[in-house]
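**Q**
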Amino acid sequence: LLELILSTTVLLVGSRFRHLFFRRHIFYSSYNLKNIIPMEQEHSTLESMMAKMDFGNKLDIEMNPWPDFIQRRLDLWAKYMKNYNDELAKKQNEPITVTLPDGKEVEAMSWRTSPLDIMTKLNMGGRPIVSKVDGVLWDLERPLEKSCNLQFLLFDDDEGKQVFWHSTAHVLGEAAERLFGCCLCYGPPIENGFYYDMFMDDRTVTAEDMDKLEKIMKAAIDGKQPFERLELKKEELMEMFKYNPFKLRILENKVKTPTTTAYRCGPLIDLCRGPHVRHTGLLNSFKITKNSSTFWEGDSSMESLQRVYGVSFPNSKQLKLWEKMREEAASRDHRKLGRQQELFIFHELSPGSAFFFPRGAYIYNTLVEFLRKQYRKRGFREVITPNIYNSRLWETSGHWQHYAKNMFKNELSGALSGLTRVRRFQQDDAHIFCRQDQIASEIEGCLDFLRFVYETLGFSMKLYLSTRPDDFMGDVKTWDEAEAQLQCALEKFKLPWTLNAGDGAFYGPKIDIIVLDAMQRQHQCATIQLDFQLPVRFDLHYVDENHVKQRPVIIHRAVLGSIERMIAVLTENFAGKWPFWLSPRQAMVIPVHPEFDDYALQVQQKIFDAGFECDVDVDASDTMKKKIRNAQLGKWNFILVVGAKEKENSSVNIRTRDNAVLGEYSLEKLIEKFNFLKENYILKTSRFIVTMKSVQLLKYSSTLDDDDYDSAESSSLQNKIIEQFSLSEVKKSNDNKNCEKLKIDDDNAVQNEEEIFKWLNEQRSTFTYGLSDDQALTNLIKSTVGTGVLAVPEAFSNAGLWFGLIFLIFTVIINLCCLRILVRTSQMMCLRSGRAAVDYGTLAELSVFHGPKPLRRFKRHAKFLVNISLAFSQLGMCSVYFVFIAEHIKQTVEVQNTFSLATYMAFLLPLFLALCSIRHLKYLAIPSTLANLVYCVAFVITFQYIFQELPSWRRLPSIQSLDRLPLAFGSLMFAFSAAGTILPIENKTKFPKSMNAWNGVLNTSCALSTILYIAVGFYGYIRFGSDVAGSITLNLPKDEPLYKAVKLMVSFVVSISYPMQFYVPMDIVILKLQQTIDRPGLRLAAEYAIRYTLVLITFTFAELVPHLGLFISLVGALTTSALTFIFPPIIEILCAYRGSVHNRRWQLLVFGNLLICLFGMVGLLTGTITSIKAILHSFRVNE
């Protein structure tokens, strides 16, 4: 029945979802087979299955017959598998507890329940490919042995990739045996795929063989061969692999335990630690990439082996993406670019040692000089030491005992690879000698140094803490103290880091730094190592202030690592387009005619004398256009064209290598610009061209308060100011290339939309969890259609039926305009400030900074005002929630008025204090999802009640008295709460251009929300008339169980919303606490104190204003109106400012935006005053 249902469903659904049903079908089939077969029948069933095993379609290209050792192995495996199943059947099954990462506990049986069974119980589908039991990788179908912590890994996880690739390597090994009948050696996963070494006497692997291997692998994968695991005795494995001398060597020399594991898939059985995926059918997208020759364990005196490389992915889309990335990587290969740009070569007279040409030497020396400047600023002193030492040095240090075989290894010629694998290299190694109480501050200084260097070079970082290895030196206590010091420094550094257990050096723990280049490839260059052992081994001492000898601590630190390797990484990262300060091709001078060759030579000499890499092209055989094209292909940063006008004015006409024409500059200003770009290590000169006015501005810093930024932020500040003065307009030139002519505006410049979206797409392309358009639309609708929609009928009651409809539509249109302003200005500020995203407060700060100079000193005040408004808005909503829930519960549980509304709110206080103790939103994910479903059900029931016996609309007034209109305005503002959520959603969207498109996310969500507002407000008012309550659910019958349930439903929904609304103000508070309180314990105590204080404040306000409808109007008018209608127009006015108030276009924008501000101000003042008056009136009536 299940198979019939699933097969029918596959036919009905689109192809997009079919793979999900196929996976579930396969999954349930295997699960049912495992659980339905009785234990006494299982052995015979397995034997019969093995006898009938289908290893995939046997192809004509394979050996026929297969080698004899394959069948002998299978016979032994069947014997050992039967023994294992007999032993497993005798195991005593006991109840165990499995704890998941989220703290959830699942009951299971030892030696019976597998991680796969847990997946089934949790309905996790087929995405996890392997599990982790108490930190150890574990096959999904391997039974659990005791109570444990269980984690599931996906292909996205690093360890998940390694398991996936390791499993595919086994399939490659199977194909090699079926094709060549070879002896397999090693087949591990590597950083980007896998390989398998094989011994085939004198035969080599050809391109034709690689195609055949792929065909056999495809057949094995189609066979969905399960991976099976056995732990066998060493003697049993020696018997099984007696045909293979390489496996026997591994067993004799590498395996130090009485038993070890082997795995089988199809006809292949191999020594392996595992684990593996469930079956080969999961490995359906793969590619054999290359082959090479190698030696057994890298020893040239041993047998020559063939090595075949490959890569695999869970689906073809990922494989195609990898192939595109591979093509891009090939175009960026530093070996190719090194030749093209005349940077370096290698020669057989000195293999593995680079010969740097002048341009390559310039990059090399510039990097070294860049570091030397930082050394001096950071208190380092440079030393020069010998290259060769007596072996006693290494024996004393301990290196000889650990690395004697490889310390002076001469790399094999086949292992050498450009600048990344060389025989000669230079490293920026430093040794810091310090006291133990200085460790934390020194490590923090090293991390700060690393951050400065890698941010300057444009890299992002990953940090890993590598802890005590098995062969460590010293005592455990010292290691624990050292690891704790490094962990403390990493936590203060405020960048994510990962524990890499057991990977430290033998003399101390270390911090490994992985940098990500433009293609998100990982490179390990820098390292920070703590060393307590060498001071002991070399008997180092210092005398402290009490004249007592003390042992110092050594910190080993490298920033760039190998200079040669870093040049390779940078070459491929920049794709040969070097930033100006590091570029060996900074400027090319081109005369428009040979008669101006002399002036071109003068310009070149003047720029060269100023310290820049400048050349001149006076080749008479080329036209000017060809010279310009050659310079662009040569990736010269700037191309300086000179002719009669330039000669007369002592100037040059500038264009970039990206063909952006920048216009005429005097030589003096050009050199000043070049000095600025070089001295400040500016990366993106092709995108952000700094005007001379901006250079002077940065030097004078006239727009900044003296106490705005400290010196540690100066570098990032300079980049932000540079990016502020970006290119202003894009005009099409009339030449036949139709290139873009970028005009420099000496005033504050503004970017065109295409430039903004290009920048945002580049920045957000690295988002792992970015929102698609559909996800952004869903989130935006959820934020606008909350519990506030239940108050819209009361807004109609205060405005009148038809005037309320008109007023709602008008307010929605103004609201939409303001939301579009927020999105548009935030995207503009992202480009100007060099950010991928900005929040509301930061947007206000940046807009004031980019506005008229007299206002710039108020930028921090602007950010504070917006943040405090957001906080009060959220806290106001939390206060409303107190009243909302209390009224609904009171109506539900009381037949008579036993308790006051204030009493019910007091009952709710402990619940809200507990809810607001939750510090992380992830713990509210499941309750929030459930709340969404519950709210939908409650809303549908409420809506169907509205349309029961709907009375005539003619009995209702078309318009109410104008003194009630401000109350309607406040209610609508409470419903329109998207101003605080639009930017968080926009900041995470992958496609920023879609937000403000005419059919984009914002317009669509607003249209759908408006339809819902109109439906609820219009018909809700018709249904209940002047009796409509502050929430329409309060008008439902009080004595019918269904509608009582609805009130409890919405109460549950709002109670879950309370801590989520509370998160916004607490996020602002926590940021301030992190900046002011260093001690984690004290900071946590202060955070909880503030949490509970804010809950009490919201409770107090709710007690003071226990009238739901009036409270909603007050909160909406006082807080939401400012965020929605006042701040956005002001922000746009400031962002559009061009340095002059006489700009006609700007004046029109100011006029229109001030009208919106006026509407917001009138609504804020009248709505607040009217709400307060109505609240006071209600108190008098109650008295």
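Mapping of the sequence shown onto the numbering used here: residues 280 to 1462, in sequence order. We treat Cβ as the ideally placed atom computed from N, Cα and C, and that holds for glycine.
(1) Okay, do the segment 1254-1261 and the segment 1052-1070 touch, 3+ Cβ pairs below 8 Å being the bar?
(2) Alpha carbon to alpha carbon, how far is Ile1147 from Leu433? Give it in angstroms, no decimals.
(3) Short of 6 Å in beta carbon distance, which residues of its chain neighbour Phe254, apart from the five on each side in sequence? Order them along the chain.
(4) Hey, how far is the Cα of Val920 from the Cα of Asp888?
(5) Under the DSSP definition of a beta bridge, which residues are partnered with Lys512?
(6) Judging by CA-CA distance, which residue of Leu861, Ile1093, Leu1144, Lys904 is the nearest neighbour of Leu263?
(7) For Thr1057, which of helix, strand or coil comes out of DSSP?
(8) Write down the C-beta distance between Cys461 and Phe473 rounded to the nearest angstrom, noting that I regard them as a contact closer than 8 Å.
(9) Give the secondary structure of Ser1231 by DSSP, where H, G and I count as helix, E and B as strand, and everything else as coil.
(10) Give the DSSP-derived three-state secondary structure of Trp356 in the structure shown.
(11) When you compare only the Cα positions, how much space is there between Gln680 and Phe917?
(12) Extract the residue ranges of the alpha helix (DSSP H) inside the segment 837-893, only unbroken runs of 4 or more that lie entirely within it.
(13) Can you name the residues that DSSP bridges to Thr378?
(14) Going straight from the alpha carbon of Lys569 to that of Phe772, what length do you get?
(15) Which residues does DSSP pair with Thr1377 in a beta bridge?
(16) Determine, using beta-carbon pairs with one atom in the segment 1124-1131 and one in the segment 1307-1315, whether at least three such pairs fall under 8 Å.
(17) How about Gly1259 and Leu1393: are their beta carbons less than 8 Å apart?
(18) Let me know if Thr664 comes out buried or exposed under the rule of 16 or more other beta-carbons within 10 Å of its beta-carbon.
(19) So which of Val940, Tyr1298, Ala1294 has the shortest CA-CA distance to Arg1233?
(20) Which residues in the same chain have their Cβ closer than 7 Å to the Cβ of Thr1445, if we skip the five residues on either side of it in sequence?
(21) DSSP three-state label for Cys241, please.
(22) Would you identify the three-state DSSP class for Asn916, choosing helix, strand or coil?
(23) Unbroken alpha helix (DSSP H) runs of length 4 or more, entirely within the segment 1173-1215: which are they?
(24) Taking the alpha carbon of Phe574 as the point to measure from, which residue in Ser1240, Phe525, Gln653 has its own alpha carbon closest?
(25) Roughly how many angstroms separate the alpha carbons of Met342 and Glu487, rounded to a whole number?
(26) Expressed to the nearest angstrom, what Euclidean distance is found between the alpha-carbon atoms of Val859 and Asn909?
(27) Buried or exposed for Ser1450, please, with buried defined as at least 16 other CB atoms from any protein chain shown within 10 angstroms of its CB.
(28) CB-CB under 6 Å to Thr645, same chain, minus the five flanking residues each way: which ones, in chain order?
(29) Whole angstroms is fine: what's the gap from Ile886's alpha carbon to Lys926's?
(30) If Ser676 sits next to Leu813, beta carbons under 8 Å apart, how far is it from one beta carbon to the other, in whole angstroms?
(31) Buried or exposed: which applies to Thr447, given that a residue is buried once 16 or more other Cβ atoms fall within 10 Å of its Cβ?
(32) Identify whether Trp231 lies in helix, strand or coil by the three-state DSSP scheme.
(33) For Cys1436, is the classification buried or exposed, using 16 other Cβ atoms within 10 angstroms of its Cβ as the cut-off for buried?
(34) Determine the DSSP secondary structure at Cys462, reduced to helix, strand or coil.
(35) Ordered along the chain, which non-local residues of its own chain (more than five positions away) have a Cβ less than 7 Å from that of Thr1447?
(36) What's the call for Leu1149, buried or exposed, on a 16-neighbour Cβ count within 10 Å?
**A** Based on what the coordinates show:
(1) Output reads yes: the segment 1052-1070 touches the segment 1254-1261.
(2) If I take the Cα positions, the gap works out to 41 Å.
(3) Because the chain in this structure spans residues 280 to 1462, residue 254 falls outside the shown range and cannot be described.
(4) Cα to Cα, the separation comes out at about 19 Å.
(5) Residue pairing for Lys512: DSSP places it in a beta bridge opposite Thr538.
(6) Lying outside 280 to 1462, the shown extent of the chain, residue 263 is not represented and no answer is given.
(7) Helix.
(8) Their Cβ separation, rounded to whole angstroms, is 17 Å, which puts Cys461 and Phe473 out of contact at 8 Å.
(9) Looking at Ser1231 - three-state DSSP - the assignment turns out to be coil, as it is neither helix nor strand.
(10) In the three-state scheme derived from DSSP, where H, G and I count as helix and E and B as strand, Trp356 is classed as helix.
(11) Straight-line spacing of the CA atoms in Gln680 and Phe917 works out to 54 Å.
(12) Segments of the alpha helix (DSSP H) lying fully in the segment 837-893: 842-853, 876-888.
(13) The partner list for Thr378 (beta bridge, DSSP) reads Glu384, Asn428.
(14) Here the alpha carbon of Lys569 sits roughly 42 Å from the alpha carbon of Phe772.
(15) Looking at the DSSP assignment, Thr1377 forms no beta bridge with any residue, so it has no partner.
(16) Contact fails: fewer than three Cβ-Cβ distances are below 8 Å.
(17) No; because the gap between Cβ atoms is not below 8 Å, this pair is not in contact.
(18) Thr664 counts as exposed, since fewer than 16 other C-beta atoms from the protein chains shown sit within 10 angstroms of its C-beta.
(19) Relative to the Cα of Arg1233, the nearest Cα in the group Val940, Tyr1298, Ala1294 belongs to Tyr1298.
(20) Here the set comprises Pro1245.
(21) In the structure as shown, the chain starts at 280 and stops at 1462, and residue 241 therefore has no counterpart that could be examined.
(22) Three-state result, Asn916: coil.
(23) As summarised for the segment 1173-1215, the continuous alpha helix (DSSP H) elements at least 4 residues long and confined to that stretch are 1180-1194, given in chain order.
(24) Nearest C-alpha to Phe574: Phe525.
(25) Their backbone Cα atoms lie some 15 Å apart in a straight line.
(26) The residue you asked about is not Val; residue 859 is Phe in the sequence shown. Their Cα atoms are separated by approximately 18 Å.
(27) Ser1450 comes out buried.
(28) For Thr645, same chain residues with a beta-carbon under 6 Å away, outside a window of 5 residues either side, are Leu861 in chain order.
(29) It is roughly 15 Å from the alpha-carbon of Ile886 to the alpha-carbon of Lys926.
(30) The C-beta separation of Ser676 from Leu813 comes to about 6 Å, placing the pair in contact by the 8 Å criterion.
(31) So Thr447 counts as buried.
(32) Nothing can be reported for residue 231: it is not among the residues displayed for the chain, which extend from 280 to 1462.
(33) Cys1436 comes out buried.
(34) Three-state DSSP puts Cys462 in a strand.
(35) Around Thr1447: Leu1393, Ala1396, Leu1397.
(36) Buried.
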